[in-house]
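**Student:** Handing you this structure, nothing more for now.
Protein chains: 2
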Amino acid sequence: MDANNIVTLETVQKAASTLSGNVVITPVQTCNTLDLLSGRRLYFKCENFQKSGSFKFRGAFNAVSRLVSSYGATPHQLQVVASSTGNYGCGLAMAAQLHGVTAHVVMPTNSPVCKKRTLLSYGASLTQCEPAAQDIAQTMKQVQDATGAVFLSGSEHPDVIAGHGTMGLEILQQVPNFDAIVVPVGTGAMLSGVSVVIKSLCPEIRVYGAEPEVANDAARSLSSGERCTFPRFPQSIADGLNGNIGVVPWTYIRSNADDIFTVSEDEIKNAMRLVWERMKIVVEPSAVVGVAAVLSDSFKARAGECKNVAVILSGGNMDLDKMPEYLQM
Amino acid sequence: MDANNIVTLETVQKAASTLSGNVVITPVQTCNTLDLLSGRRLYFKCENFQKSGSFKFRGAFNAVSRLVSSYGATPHQLQVVASSTGNYGCGLAMAAQLHGVTAHVVMPTNSPVCKKRTLLSYGASLTQCEPAAQDIAQTMKQVQDATGAVFLSGSEHPDVIAGHGTMGLEILQQVPNFDAIVVPVGTGAMLSGVSVVIKSLCPEIRVYGAEPEVANDAARSLSSGERCTFPRFPQSIADGLNGNIGVVPWTYIRSNADDIFTVSEDEIKNAMRLVWERMKIVVEPSAVVGVAAVLSDSFKARAGECKNVAVILSGGNMDLDKMPEYLQM
């Protein structure tokens, strides 16, 4: 990897300066019921309250901001492009709009309607394609050829990963003592950024990933030592986690992740109902895989000694009309 | 009215001491989208995060606490009873449990299942009856005769009203400047308590009620100058507001309320979707009538000059499975 492209504690701290005043310092909430059910003290970092409805705004804002700085004084001539299962597209669209930059987003047809609507409401242009890696790559190339837009990858770009890492800095300030942090894994950009911060500052804190069983590319990668991917995206209700683990994130996850827990679709549904009913906050299915993980028997078996656990609730963008489907087990 | 039973700024301040450390100082949140839609700056007091899932815990805790104090050293021999459309029952059940007191609650059969479940989870006993004033009175009498429980009315008891009034004290501390406050009205106990505080400390702040058009007993009372009630409860989706305005609350509302806004069922549904989607918090239909009110044309016409408006989101107890019905307009 190019040494300039490495994500470090310093690049995350720099990102935190860039984001200062532009992101929500999201609250950390607790819930007695979930503490009781999990048998430990849980600290929930509520990125569902972040701008654009998820943590993705952090990385997107950092990347766009640095691109604009390097480009000079005419950001309105700039165009950016990325593919996304939804939330990164929304974050990029909002970040681009705030910088006066045009954004193009390629999104699978089966992404939630609310994410498409949100993206369009921030003035981005949307191109849809089949939910498969090859189709996305082809469509991306077409949009890039037609527009000349700069590609800001949501999984691979070091400025995006560093932006996401700022959550790690915030949590260390907000939660006095914790033994472990559980982070949802889709492309792994969030887990990478957060893990760099935690392992730099508090290497004794365990860094855990959580993902759907049906989209277990990160868990299989970590156990085999080789990056595994799905040629056609899985269909978990945790729609934000159906993408493949990225090449760059994998290099950090391989070094920094202590374990990756997988959870069933029913465990995700159960966790979602608990968070909605007990914490009274709106979280999307992808956001609760960490909750499902800390409630699981595997967690008790493999991380039972962790008494104080930070859990990232990654976003709150979901189609409310799909609620019955999400609640049916 | 008996002078000892009057709700004053002092009785509310005393309630605040009693509640200190026992209630959640609920956060005040803002939302750019709702500011834009309403054309004013809105401050949402999030009582959906209150213990037992609604503001009702405040009044219930204060009343039980004072009853226990006056009763002496054996609260486990005490029993309390009340009727409720749901949230007051949950608040009373939790408050009683915390004091080691047995609670009995009479609830209409059509109250939300989640409220019945919550009440039972706090160890209270539940008796159901038809949703009509006469049936409730009869059933209450039967339970009282059978148990000898002390009646702690959710609408009429001055300790309950004073407990609810503590929200007014908190908002005045949390929001630097506001021109008006909008409070949902069911029995009017919340509006009474809050209005006493606001009109005592900042009489220039407008105190507004909000209620469903189909349950407009408070609005009709205020415009006619006579307390109006429905013999059989209305059937608004804002289930917590279907009860009649109380005798005691009416005495405060008549003096203190500047206006009462009514909203349609569709306006309630629209407000609920906005709060869920944009604020990412779970609120029940009754909680958003204030939001619906500030978004309405009537509000623009009758309160347009109020630029900074506090709005109480009263609770978050709802049957998630009913979401499709709540979203369908």
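Protein chains in written order, with the numbering used here: chain X, 132 to 460; chain E, 132 to 460.
Even glycine gets a Cβ: it sits at the ideal position worked out from N, Cα and C.
1) With a cut-off of 8 Å, does the C-beta of E408 of chain E fall near any C-beta of chain X?
2) List the whole-angstrom C-beta distance separating G324 of chain X from V143 of chain X, where the pair is believed to meet the contact cut-off of C-beta under 8 Å.
3) Which residue's Cα is closest to the Cα of E178 of chain E: E:G170, E:F188, E:S326, E:G340?
4) For the stretch 178-205 of chain E, which residues have a CB atom closer than 8 Å to at least one CB atom of chain X, in sequence order?
5) Please return the same chain residues whose Cβ sits closer than 6 Å to the Cβ of T233 of chain E, not counting the five positions on each side in sequence.
6) Kindly say whether K411 of chain X, judged by its beta-carbon, lies nearer than 8 Å to any beta-carbon of chain E.
7) G170 of chain E to A311 of chain E, Cα distance in whole Å?
8) Going by C-alpha distance, which of X:E357, X:R363, X:P362, X:F364 is nearest P380 of chain X?
9) Let me make sure I understand the geometry here. Which of X:L451, X:N373, X:G447 has the alpha-carbon closest to that of K176 of chain X?
10) Using a Cβ-Cβ cutoff of less than 6 Å, which residues in the same chain neighbour T164 of chain E once the five nearest sequence positions on both sides are dropped?
11) Taking Cβ positions only, does M225 of chain E come closer than 8 Å to chain X?
12) Anything in chain E within Cβ reach of R351 of chain X, meaning under 8 Å, just list it in chain order.
13) Among E:F364, E:N401, E:S354, which has the Cα closest to the Cα of R385 of chain E?
14) I'd like to know whether the C-beta of D166 of chain X is nearer than 8 Å to at least one C-beta of chain E.
15) Say whether chain E places a C-beta atom closer than 8 Å to the C-beta of G447 of chain X.
16) At a CB distance below 8 Å, what residues from the stretch 421-452 of chain E approach chain X? Give them in sequence order.
17) Any chance the stretch 142-157 of chain E sits against the stretch 295-311 of chain E, with 3 or more Cβ pairs inside 8 Å?
18) Within a Cβ cutoff of 7 Å, which residues of the same chain sit near I156 of chain E, ignoring the five residues on either side of it in sequence?
19) With a cut-off of 8 Å, do at least 3 Cβ pairs link the stretch 401-420 of chain X to the stretch 179-186 of chain X?
20) Using a Cβ cut-off of 8 Å (strictly closer), state whether R404 of chain E contacts chain X.
21) Of all the options X:S151, X:F180, X:L173, which has the alpha carbon lying nearest to the alpha carbon of C162 of chain E?
22) Closer than 9 Å, Cβ to any Cβ of chain E: which residues of the stretch 290-315 of chain X, in chain order?
23) Given this structure, state the Cα-to-Cα distance separating L332 of chain E from Q304 of chain E, to the nearest angstrom.
24) Name the residue from E:D166, E:P455, E:A434, E:P262 whose alpha carbon lies nearest to the alpha carbon of Y339 of chain E.
25) DSSP three-state label for N218 of chain E, please.
26) Does L150 of chain E come within less than 8 Å of chain X when only Cβ atoms are used?
27) Counting only the same chain and skipping the five closest in sequence on each side, list residues whose C-beta sits under 6 Å from that of D397 of chain X.
28) Since P462 of chain E meets chain X, which of its residues come closer than 8 Å, beta carbon to beta carbon?
29) Tell me the start and end of each unbroken alpha helix (DSSP H) in the stretch 172-232 of chain E that is at least 4 residues and wholly inside, in chain order.
30) Going by DSSP in three states, T382 of chain E sits in which element: helix, strand or coil?
31) Less than 8 Å separating the beta-carbons of V244 of chain X and D370 of chain X?
32) Which residues in chain X have a C-beta closer than 9 Å to the C-beta of M454 of chain E? List them in chain order.
33) Given a threshold of 16 other Cβ atoms within 10 Å of its Cβ, counted over all protein chains shown, does I376 of chain E qualify as buried or as exposed?
34) I believe A268 of chain E touches L250 of chain E by the beta-carbon criterion, under 8 Å. Please report the beta-carbon distance rounded to the nearest angstrom.
35) So, under 8 Å CB-CB, V378 of chain X and L140 of chain X are touching, yes? Tell me the CB distance rounded to an integer number of Å.
36) Check the C-beta distance from V394 of chain E over to A423 of chain E and give it rounded, since I have them as a contact under 8 Å.
**Tutor:** Straight from the coordinates:
1) yes
2) 6 Å
3) E:F188
4) N179, F180, G184
5) Q210
6) Closer than 8 Å to some Cβ of chain E, the Cβ of K411 of chain X qualifies, so yes.
7) 14 Å
8) Of the listed residues, the one whose Cα sits closest to P380 of chain X is X:E357.
9) X:G447
10) Result list for T164 of chain E: R409, in chain order.
11) Residue-level contact by beta carbon fails for M225 of chain E and chain X, as no gap is shorter than 8 Å.
12) Those within 8 Å of R351 of chain X in chain E number zero; the least Cβ separation is about 32 Å.
13) Proximity to R385 of chain E across E:F364, E:N401, E:S354 peaks at E:S354, based on C-alpha coordinates.
14) no
15) yes
16) G447, L451, D452
17) yes
18) Correct list, in chain order: E301.
19) yes
20) yes
21) X:F180
22) none
23) Each residue's Cα considered, the two are about 12 Å apart.
24) E:A434
25) helix
26) no
27) M460
28) Chain E is shown only over 132 to 460; residue 462 of chain E falls outside these bounds and no answer can be derived.
29) 187-202, 218-230
30) helix
31) no
32) Ordered by position in chain X, the residues that pass the 9 Å Cβ test against M454 of chain E are L451, D452, M454, P455, L458.
33) buried
34) With a beta-carbon spacing of about 20 Å, A268 of chain E and L250 of chain E fall beyond the 8 Å limit used to define contacts.
35) The Cβ separation is near 22 Å, so there is no contact.
36) 4 Å
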